[in-house]
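Residue numbers (full-length UniProt numbering), protein chains in the order written: chain A, 1 to 343; chain B, 1 to 343; chain C, 1 to 343.
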C-alpha cells in the first residue's frame with residue numbers, strides 16, 4: 001500500500017511543509033528511516049534528525065519546528081506521537097480481516113459462529129464451540145469442546161484452548177500459548193504421585209491480551225481467571241485457580257503459583273515469581289526476578305527473593321556490595337578492641 | 001451428564017441426609033458452588049458453608065457433621081476428600097475415550113498401533129512409529145520417525161516428539177511441549193560456533209506427566225531420561241543428557257542444565273535452576289528461584305542463588321534485611337573505638 | 001544404516017587394530033556403549049573402558065593406546081573427539097533431506113521456493129513468501145505473508161513465523177518457537193491499557209540457531225535483530241527491538257527486555273534477565289540467574305540480581321553465608337565497647 005503525504009496529513013489534520021505528493025512506501029523509527037519511509041519526531045532529543053533524514057515524510061510536533069529548511073516533507077501536528085499512533089492503528093485496520101472457514105479446517109457440526117468469523121486451515125473447532133462475530137482464528141489452532149470465544153478476538157497460529165474454557169470479547173492470544181492445560185496437582189502416596197483430576201476451566205475476561213508460549217492452567221475445580229484488560233507478555237506461567245483482576249501488566253517469564261489472588265492495576269516484572277495461596281492487592285509493583293512469598297498490600301513496591309520493600313532491598317544491596325570492606329572494618333574493630341583489652 | 005444424589009452415594013458408599021433424588025449438573029469448590037452443583041467439605045474450616053450453601057449436594061466427612069439441619073443434600077462418608085477424588089476420577093473415565101484415525105491425519109504405512117488408539121486430525125505419524133493400545137494422540141501432534149509410545153498415553157494438541165524418542169506407558173504430555181529437540185551443543189572456533197550433532201534421544205519412563213510448553217532436549221549421544229512417575233509442570237527446560245530418577249516433582253519454569261543426574265523423590269521449586277554436570281541425591285527439596293551450582297546429598301533443603309542450606313539462607317537473609325541497621329552499629333563502634341583511642 | 005569398521009576408518013584416515021569387518025549398528029557414549037555400537041575415547045580418564053567395553057568399535061586418540069590387547073576393534077586417529085565429530089556430521093548428512101511439497105500443505109500461489117525445498121504436511125505458506133534452495137520446512141509450520149527464508153534452513157514442526165519476518169541462510173529453528181509475535185507495548189489510560197501497534201519485524205541473520213519454545217517479538221517499528229552465528233537455547237524471551245550481534249550464546253530461559261543492544265561473542269547464562277534500553281558490549285559473561293540492570297562494558301563478568309562484578313559477588317556472598325557469625329562478632333564488639341565505656 002502506498003500513500004502520499006497529502007493523504008496522511010488529511011487523516012491527522014496536519015499542516016504540510018514541502019511536497020504534498022511525496023510517496024510513502026514504508027514506516028520506520030527516525031534513527032533508521034530510509035528512502036520512502038514515513039517517520040515521526042515527538043521529542044526534542046530527536047530534532048537533529050529533521051535536517052538530514054533520508055526518509056520521505058516526517059510527522060513533527062509543531063513546537064519542535066524551527067526556521068531551517070527541511071529535506072523531507074514535514075507534516076506538522078500538535079502531538080506527533082499521538083498522531084503517529086492514530087495512523088498506525090488506521091494502517092492495521094486497513095490490512096483487512098479475513099472471513100470464512102478455510103479449506104482443511106475441521107469444524108464440528110454442533111459448533112456455531114457469528115458473522116465475519118475467520119477459521120484458518122488445519123484449525124480444529126470441536127463440539128459445541130461458540131465463536132462470536134468478527135473473531136479471527138488463525139491456522140493450526142485447537143479449540144476443545146464447549147469452548148466459548150467472544151467477539152472480535154484474534155487467536156494466532158498454534159494456540160491451544162482446552163475443553164470448556166471461556167474467552168471474552170476483544171481478546172488477543174499469540175502463537176503457541178496454551179489455555180486450560182491441567183493444573184499441577186498430585187497426591188503423594190508411597191507408590192508415587194496420584195493425579196488429582198483437573199475439572200475446572202480458564203476464563204479470560206474482555207480485552208485480555210496474552211503473548212506467545214504462555215501456559216494458563218485450568219482450575220482443579222472452578223476457574224482460573226484473567227480479569228478484564230489485563231495484558232500478559234510471553235512465556236508466562238499462570239497456575240490453577242489463580243484469580244487475576246483488571247488492568248494488570250505482567251512481563252515475560254513471570255510465574256504465578258496456584259490459587260493466588262491478584263487485584264487490579266498491578267505491574268509484575270519479568271521473571272518474577274509469586275508463590276501460591278497469597279493475595280496481591282492493587283497498584284502493587286513487583287520488580288523483575290523478585291520472589292514474592294507473602295501477601296502484598298495496595299501500592300507496595302517489592303524487590304528481592306524473597307521480596308521485600310524495594311527501597312529497603314536496594315539500600316541493603318548497597319551494603320552487600322561493600323560486604324568485603326564491612327568485614328575488614330569489623331576485623332579492625334576486633335583488633336583494636338583486643339589491643340585495648342591487652343593494654 | 002446428570003446424576004442423582006443417590007447414584008453418587010452408591011459410588012462411594014455414602015449415607016444420604018436429605019432428598020436422595022436431588023439432581024447434580026456440575027461440580028465446584030464449596031466457596032463458589034452454585035445451584036445444581038456437587039461439592040465437598042473435608043476440613044473443619046469449611047463447615048460454616050454447610051448450612052447456607054446454594055449447591056445441590058455436599059459430600060461431608062462424617063466427623064464434621066452436627067445436628068443442625070442442612071439445606072443441601074448431604075452425603076456422609078469417612079473421608080470426604082478421598083471420596084471426592086474417587087468420584088472425579090470416575091467422572092473423567094466416563095467422559096469416554098476416542099479411537100480410530102481421524103480424517104486428515106497423516107499416518108505412515110510402516111507405523112503400527114495397538115487397539116483403541118486415537119489419532120486426531122492433522123497429526124503426523126512418521127515412519128516406523130509404534131503406538132501402544134489405548135493411547136490418545138490429539139490433533140496437530142508431530143511424531144517423528146522410529147518413535148515408540150507405550151500404552152494408555154495422552155499426547156495433547158501440538159506436542160512434538162522428535163525422531164527416535166521413547167515414551168513409556170501411561171504418560172501424559174500437555175500441549176506444545178517439545179520432546180527431543182537438539183541439545184545446546186556448540187564448539188567455539190574463531191569463525192563462530194560449530195554445531196555438535198545431537199544424535200541421542202529422550203526416554204520418558206512409565207507414568208510420567210509433563211505440562212505444557214516444556215522443552216526436553218535429546219542427548220548428544222545416549223539419552224535424556226525422565227524416570228518413572230516423575231511429574232513435570234509447565235515451561236520447564238530439561239537439557240541434553242540429564243538423567244532424572246523416579247517420583248520427582250518439578251514446578252513450573254525450572255531448568256536443569258546438561259548431564260546433571262537427579263535421584264528419586266526430589267521436589268524442585270518453580271523457576272529454580274540447576275547447573276550442568278552435578279548430582280542431586282534423593283528427597284532433596286530445592287526452593288523456588290534457587291540456583292543450585294554444586295551437588296546435593298540426600299535430604300538436603302536448599303535455597304538461594306547460589307543455593308545453600310535453606311535454614312541458613314533464611315537466617316542470613318534476616319540479617320540482610322537489617323543490613324542498614326547493622327552498618328549503623330558498625331559506624332557507632334568505630335566512632336566509640338576512635339573516641340577510646342583518642343582519650 | 002550399517003557400516004563396517006573399515007568403512008568408518010576410511011572416512012577419518014584411521015588405523016585399524018582388530019577385525020576391520022566388524023559391523024556397527026549404532027552410536028553411544030563409552031560409558032553406556034553396548035554390542036554393535038561405535039564409540040570414542042579422547043581423554044585419559046576414559047582409557048579403562050577400552051579393555052572391557054562391550055561395544056563393537058572404538059575410535060581412540062593415538063596417544064592413549066597401550067600394548068594391552070583390546071576386545072573391541074580400535075580405530076586409532078590423532079584426535080578421537082574431532083574424528084568422531086566429523087563422522088557424526090557425515091552421518092547426519094547421510095540421513096537424507098526430503099524435498100517437495102507434501103500433500104496437505106497449504107502453499108499460496110504467490111509464494112516462491114528454490115530447488116530442493118521440503119514443505120511438510122499441514123504447513124501453511126502464505127502470500128508472497130520466499131524460501132531459498134534446500135530449506136526444510138517440517139509439518140505444521142506457519143509462515144505468514146511476505147516472510148523471507150534463506151537457503152538451507154531447517155524449521156521444525158510447530159514453528160510460527162509472523163508476517164514480514166526475515167530469516168537468513170543456514171538457520172535452524174526448533175519446534176514451537178514463535179518469531180515475530182507482537183512486542184509488549186501498551187499505553188496506560190484511565191480506562192485501561194491501549195495497545196500500541198507492533199508494525200516492525202524480526203530479522204535472523206545467517207547461521208542463527210534457535211531452540212524450542214522461544215518467543216522472539218517483532219519490533220514496534222523497525223526490526224528485532226539476531227546477528228549472524230548467534231545461538232539461542234530453549235524457552236528464551238527476546239523482546240521488541242532488541243538488537244543482538246554476532247556469535248553470542250544464550251542459555252535456556254534467559255530473557256532480554258525491549259530495545260536492549262548486545263554486541264558480539266557474549267555468553268548469557270540460563271535464566272538470566274537483562275532489562276530494556278541498555279547496552280551490553282562484547283565478550284561479556286553473564287552468569288545464570290543474573291539480573292542485569294545497567295549497561296556492561298567489553299569483557300565484564302557479571303553475577304547477581306542486580307548483577308555486579310562476578311568476583312565481587314562471590315566474595316560478598318561468602319560473607320552473606322557467614323552473616324550470622326558476623327552479627328555475633330558485632331554483638332561481642334558492642335558488649336566489649338560497653339564494658340570499656342563502663343570501666
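The beta-carbon is built from N, C-alpha and C at its ideal position, and this holds for glycine as well.
- prompt: What runs of the beta strand (DSSP E), each 3 residues or longer, lie entirely inside the region 168-244 of chain A?
  reply: 178-181, 186-189, 192-195, 201-204, 215-217 and 223-226
query: Taking any Cβ of chain C, which residues in the region 137-166 of chain A have a Cβ under 8 angstroms from it, in chain order?
result: Within the region 137-166 of chain A, the residues whose Cβ lies closer than 8 angstroms to some Cβ of chain C are 138, 139, 140, 156, 157 and 158, listed in chain order.
query: For residue 315 of chain C, which of helix, strand or coil comes out of DSSP?
result: If you number the third chain from 1, residue 315 of chain C lands on position 315. Note: residue 315 of chain C maps to helix in three-state DSSP.
- prompt: Does the beta-carbon distance from residue 203 of chain B to residue 166 of chain B come in below 8 angstroms?
  reply: The sequence position of residue 203 of chain B within the second chain is 203, counting from 1. The sequence position of residue 166 of chain B within the second chain is 166, counting from 1. Yes, the Cβ-Cβ distance between residue 203 of chain B and residue 166 of chain B is below 8 angstroms.
- request: May I ask you to list the residues that DSSP assigns as paired with residue 64 of chain A?
  value: Here residue 64 of chain A is taken as the residue at index 64 of the first chain, counted from 1. BP columns for residue 64 of chain A are empty, so no partner.
query: Using a Cβ-Cβ cut-off of 6 angstroms (strictly less than) and excluding sequence neighbours within five positions of residue 253 of chain A, which residues of its own chain qualify?
result: Taking the first residue of the first chain as position 1, residue 253 of chain A is located at position 253. Once the five neighbours on either side are set aside, the close Cβ partners of residue 253 of chain A are 235, 270 and 271.
- prompt: When Cβ atoms are compared, which residues of the region 216-232 of chain C fall closer than 7 angstroms to chain E?
  reply: Here the protein chains are A, B and C, and chain E is not one of them.
- request: Find the residues of chain C that neighbour residue 248 of chain B, judging by a C-beta separation of less than 7 angstroms, and give them in chain order.
  value: Locating residue 248 of chain B in the second chain gives position 248, where the first residue counts as 1. Those within 7 angstroms of residue 248 of chain B in chain C number zero; the least Cβ separation is about 19 angstroms.
- prompt: Are there three or more Cβ pairs, one per stretch, closer than 8 angstroms when the region 219-227 of chain C is compared with the region 191-206 of chain C?
  reply: yes
field: Residue range of the beta strand (DSSP E) that includes residue 75 of chain B
entry: Numbered from its first residue, the second chain carries residue 75 of chain B at position 75. For residue 75 of chain B, the uninterrupted beta strand (DSSP E) run begins and ends at 73-77, by DSSP.
Where residue 303 of chain B falls: helix, strand or coil (DSSP): Residue numbering aside, residue 303 of chain B sits at position 303 when the second chain is read from its first letter. In this structure, residue 303 of chain B counts as strand in the three-state DSSP scheme.
field: Closest Cα partner of residue 27 of chain B within the set B:94, B:259 and B:37
entry: Locating residue 27 of chain B in the second chain gives position 27, counting from the first residue. Each of B:94, B:259 and B:37 was checked against the Cα of residue 27 of chain B, and the nearest Cα belongs to B:37.
query: When burial is assigned at 16 or more other CB atoms within 10 Å of the CB, is residue 67 of chain C buried or exposed?
result: Sequence index remark: in the third chain, residue 67 of chain C carries index 67 (1-based). Its Cβ having fewer than 16 others within 10 Å, residue 67 of chain C is exposed.
query: Can you pull the DSSP bridge partners for residue 39 of chain C?
result: Taking the third chain and counting its residues from 1, one reaches residue 39 of chain C at position 39. C:58.
query: Does the separation of the CB atoms of residue 242 of chain B and residue 227 of chain B fall below 8 angstroms?
result: Here residue 242 of chain B is taken as the residue at index 242 of the second chain, counted from 1. Here residue 227 of chain B is taken as the residue at index 227 of the second chain, counted from 1. The answer is no: Cβ separation not under 8 angstroms.
- request: Can you tell me which of the three DSSP states residue 112 of chain B falls into?
  value: Residue 112 of chain B sits at position 112 when you count from the first residue of the second chain. Reduced to three states, the DSSP call for residue 112 of chain B is strand.
- request: Please work out which residues of its chain come closer than 8 angstroms, Cβ to Cβ, to residue 309 of chain C, disregarding the five sequence neighbours upstream and downstream, and give them in chain order.
  value: Along the third chain, one-based indexing puts residue 309 of chain C at 309. 300, 301, 302 and 303, listed in sequence order.
N- and C-terminal bounds of the beta strand (DSSP E) containing residue 17 of chain C: What you label residue 17 of chain C is simply residue 17 of the third chain in a count that begins at 1. Taken as a continuous stretch (DSSP letters only), the beta strand (DSSP E) holding residue 17 of chain C covers 15-17.
task: Kindly list the residues whose CB is nearer than 8 angstroms to the CB of residue 30 of chain C, restricted to its own chain and excluding five residues on each side of it in sequence; keep chain order.
output: Locating residue 30 of chain C in the third chain gives position 30, counting from the first residue. Correct list, in chain order: 39, 40, 41, 46, 49, 53, 55 and 58.
- request: Kindly indicate if chain C contains any beta-carbon less than 8 angstroms away from that of residue 118 of chain A.
  value: If you number the first chain from 1, residue 118 of chain A lands on position 118. Not one chain C Cβ lies under 8 angstroms of residue 118 of chain A.
query: Relative to the C-alpha of residue 112 of chain B, which residue among B:239, B:266, B:81 and B:151 is closest?
result: For this step, residue 112 of chain B is matched to residue 112 along the second chain. It is B:151.
task: Keeping to the same chain, check which residues put their C-beta closer than 6 angstroms to that of residue 176 of chain A; ignore five residues upstream and five downstream.
output: Stepping through the first chain from its first residue, residue 176 of chain A is reached at position 176. Around residue 176 of chain A: 158, 212 and 213.
message: With the cut-off set at 8 angstroms, would you say residue 305 of chain C and residue 289 of chain C are in Cβ contact?
response: The count along the third chain starts at 1 and reaches residue 305 of chain C at position 305. The count along the third chain starts at 1 and reaches residue 289 of chain C at position 289. Contact flag set, yes.
query: When you compare only the Cα positions, how much space is there between residue 82 of chain A and residue 256 of chain C?
result: Against the first chain, residue 82 of chain A aligns to sequence position 82. Against the third chain, residue 256 of chain C aligns to sequence position 256. Approximately 27 angstroms, taken between the alpha carbons.
message: Can you tell me whether residue 51 of chain A is helix, strand or coil according to DSSP?
response: Here the question's residue 51 of chain A lines up with position 51 in the first chain. Residue 51 of chain A falls in the helix class under three-state DSSP.
message: Mapping the DSSP letters down to three states, classify residue 142 of chain B as helix, strand or coil.
response: Here residue 142 of chain B corresponds to residue number 142 of the second chain, with the count starting at 1. Reduced to three states, the DSSP call for residue 142 of chain B is strand.
- prompt: Along the chain, where does the alpha helix (DSSP H) that runs through residue 7 of chain C open and close?
  reply: The residue labelled residue 7 of chain C in the question sits at position 7 within the third chain. Bounds of the alpha helix (DSSP H) holding residue 7 of chain C are 5-11.
- request: In angstroms with no decimal places, state the Cα-to-Cα distance between residue 334 of chain C and residue 333 of chain A.
  value: Here residue 334 of chain C corresponds to residue number 334 of the third chain, with the count starting at 1. Here residue 333 of chain A corresponds to residue number 333 of the first chain, with the count starting at 1. Cα to Cα, residue 334 of chain C sits roughly 10 angstroms from residue 333 of chain A.
- prompt: Which residues share a DSSP beta bridge with residue 160 of chain C?
  reply: For the purposes of this step, residue 160 of chain C is identified with residue 160 of the third chain, where counting begins at 1. Answer by DSSP bridge pairing, in chain order: C:142 and C:178.
query: What in chain B is Cβ-close to residue 196 of chain A, meaning under 8 angstroms?
result: Taking the first residue of the first chain as position 1, residue 196 of chain A is located at position 196. Neighbours of residue 196 of chain A on chain B, chain order: 85 and 88.
- prompt: chain A partners of residue 27 of chain B, CB-CB under 7 angstroms?
  reply: Stepping through the second chain from its first residue, residue 27 of chain B is reached at position 27. 199 and 221, listed in chain order.
message: Does chain C have any CB closer than 8 angstroms to the CB of residue 209 of chain A?
response: Here residue 209 of chain A refers to the residue found at position 209 when the first chain is read from its first residue. Judged by the 8 angstroms Cβ criterion, residue 209 of chain A is in contact with chain C.
message: Quick check on residue 136 of chain B: buried or exposed, where buried means 16 or more other Cβ atoms within 10 Å of its Cβ?
response: Within the second chain, the letter at position 136 stands for residue 136 of chain B. Answer is buried; the Cβ neighbour count reaches 16.
query: Using a Cβ-Cβ distance under 8 angstroms, would residue 193 of chain B count as near chain C?
result: Taking the second chain and counting its residues from 1, the one referred to as residue 193 of chain B is at position 193. Residue 193 of chain B counts as touching chain C.
query: Nearest chain A C-beta to residue 331 of chain C closer than 8 angstroms, yes or no?
result: As a position in the third chain, residue 331 of chain C is number 331, starting the count at 1. Residue 331 of chain C does not count as touching chain A.
- request: Using a Cβ cut-off of 8 angstroms (strictly closer), state whether residue 245 of chain B contacts chain A.
  value: By 1-based counting over the second chain, the position of residue 245 of chain B is 245. Contacts with chain A at 8 angstroms (Cβ-Cβ) do not include residue 245 of chain B.
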